[in-house]
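One structure below.
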Amino acid sequence: MADPLNADRLVAALRAEGCAVHEVSGWRTNNRNHVGPWGPVHGVMIHHTVTGPSTDVVDLIFDGHSALPGPLATGCITKDGTVHLTGNGRANHAGGGDPDVLTAVINESYGDYPPATHEHEGSAGAVDGNSRFYGWECENEGDGQDPWPRVQYVAMVKATAGICRAHGWSAKSAIGHLEWSDWKPDPRGFDMKDFRSDLAVCLDLPAGVWEGEDDPMPQYVNLGLAEPYELAPGTWDSVELTAEWTDEPGDHAEGGSVFVRGPARFTGSVSLRFDGLPDRSVVQARMSEFEGAEHRADHPIDEIVGTGGNTFAVVPLTKRLASGRSMRVRLLNQADVPITVTSAVLTVLVWTEA
Numbered sequence: 001m002a003d004p005l006n007a008d009r010l011v012a013a014l015r016a017e018g019c020a021v022h023e024v025s026g027w028r029t030n031n032r033n034h035v036g037p038w039g040p041v042h043g044v045m046i047h048h049t050v051t052g053p054s055t056d057v058v059d060l061i062f063d064g065h066s067a068l069p070g071p072l073a074t075g076c077i078t079k080d081g082t083v084h085l086t087g088n089g090r091a092n093h094a095g096g097g098d099p100d101v102l103t104a105v106i107n108e109s110y111g112d113y114p115p116a117t118h119e120h121e122g123s124a125g126a127v128d129g130n131s132r133f134y135g136w137e138c139e140n141e142g143d144g145q146d147p148w149p150r151v152q153y154v155a156m157v158k159a160t161a162g163i164c165r166a167h168g169w170s171a172k173s174a175i176g177h178l179e180w181s182d183w184k185p186d187p188r189g190f191d192m193k194d195f196r197s198d199l200a201v202c203l204d205l206p207a208g209v210w211e212g213e214d215d216p217m218p219q220y221v222n223l224g225l226a227e228p229y230e231l232a233p234g235t236w237d238s239v240e241l242t243a244e245w246t247d248e249p250g251d252h253a254e255g256g257s258v259f260v261r262g263p264a265r266f267t268g269s270v271s272l273r274f275d276g277l278p279d280r281s282v283v284q285a286r287m288s289e290f291e292g293a294e295h296r297a298d299h300p301i302d303e304i305v306g307t308g309g310n311t312f313a314v315v316p317l318t319k320r321l322a323s324g325r326s327m328r329v330r331l332l333n334q335a336d337v338p339i340t341v342t343s344a345v346l347t348v349l350v351w352t353e354a
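For the sequence shown, the positions run 1 to 354 when full-length UniProt numbering is used.
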């Protein structure tokens, strides 16, 4: 429960979140406060517009239409990701809804979804959502069957985060219109559980940090040796990764030693086995950066101590790599005799950066 944000605080909250804000002329005095209360507020409601390409959707949300006067929401979020502010106060967007849903939102007490709705506008048990929720009408042609541009979806999450952050609310203060009233279908084209999950990630970060990456999943790299090879003493030598099981980023040349190219972040390990490393002799391992064939930088050394016979080690691989750089694993045999690198199995997750 909270007093509504005034116009200046709303604009500041949205801009702090990184939203592109357009203040539609007259929005600060455009409201339905004369027909009912505005506040206390409890959450943010998401809608889609069901408008065609010939509709001036921002004007529609500001002015309304013959059957429903405007504003029809706090703002209209268009396909280009712009948040057009259309109303400051009560707006005709939510209508009547379920009191159990309102209680769950106020208490932020539900699981993946609020309780099922059993009330709607005009029903005896409905409660007034227009006084209790900010509303975002989000441009979408048809009935939610139009694909959602990523830039628009990110703006929807950020705009909702701006309001939630300003009030100290969690992601469970955001609901879809279909979760409020039992006859509403919007928004379609994404799941509100997933929307709240993205919103929670956004709210866990400082304002303006979340960018809503298209694909936050890392790419998988799994390389190794096709055959054992001899490692001579006294010289740093790159591990030639002659077996390629998986290389999703495509950064490993056939038989090459490079396992990732920048700009990227990565984390993983390389598991090594040596035969013939004398007891208490040492092999050093490190990551080294190259530009083309030129050696540019080295990273901290891991020391592998021989146990006589077979020696095993796991070396961590975690770093951020700049554009134009590539990373290799290099070994230095400090024993007095050649040894055999019997196995090297490299597994890393790579996040490619723009």
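Every residue gets a Cβ at the ideal spot worked out from N, C-alpha and C, and that includes glycine.
Every value quoted in this text rests on a predicted model; they were computed, and no experiment measured them.
- Under the DSSP assignment, F62 falls in the alpha helix (DSSP H) whose first and last residues are V57 to D63.
- Taking the Cβ atoms as the reference, C76 lies roughly 5 Å from H84, within the contact range of under 8 Å.
- By alpha-carbon distance to V154, the top candidate from N130, F133, S197 and S170 is S197.
- In the three-state scheme derived from DSSP, where H, G and I count as helix and E and B as strand, G262 is classed as coil.
- The DSSP-derived three-state label of T342 is strand.
- Residue range P99 to N107 is occupied by the alpha helix (DSSP H) that includes N107, with no beta strand (DSSP E) assigned at that position.
- In this structure, I175 sits away from M156, with a CB-CB distance that is not shorter than 9 Å.
- Segment contact: the stretch 11-25 against the stretch 36-52, fewer than three CB-CB distances shorter than 8 Å; contact not assigned.
- Per DSSP, the unbroken beta strand (DSSP E) holding Q219 starts and ends at Q219 to G224.
- V350 has its alpha-carbon roughly 51 Å from the corresponding atom of A126.
- The alpha carbon of T78 has as its nearest neighbour, out of S109, C138 and A7, the alpha carbon of C138.
- Judged by pairs of C-beta atoms under 8 Å, the stretch 160-174 touches the stretch 199-207, as three or more such pairs exist.
- Secondary structure of V35 (DSSP, three-state): coil.
- Within the stretch 251-329, no alpha helix (DSSP H) run of at least 4 residues lies entirely inside it.
- Under the three-state reduction of DSSP output, A73 falls in the coil class, being neither helix nor strand.
- The residues G89 and R90, in chain order, have a CB closer than 8 Å to that of N33 in the same chain once the five nearest residues on each side in sequence are set aside.
- For Y134, no alpha helix (DSSP H) segment is defined; the enclosing uninterrupted segment is the beta strand (DSSP E) at F133 to C138.
- For C19 and S281, the gap between their C-alpha atoms comes out near 59 Å.
- Taking the C-beta atoms as reference points, W245 is found nearer than 9 Å to L223.
- F312 counts as exposed, since fewer than 16 other beta carbons sit within 10 angstroms of its beta carbon.
- Scanning E303, L277 and T318 for the CA closest to the CA of E289 turns up T318.
- Taking C-beta atoms as the reference points, H118 and G96 fail to come closer than 9 Å.
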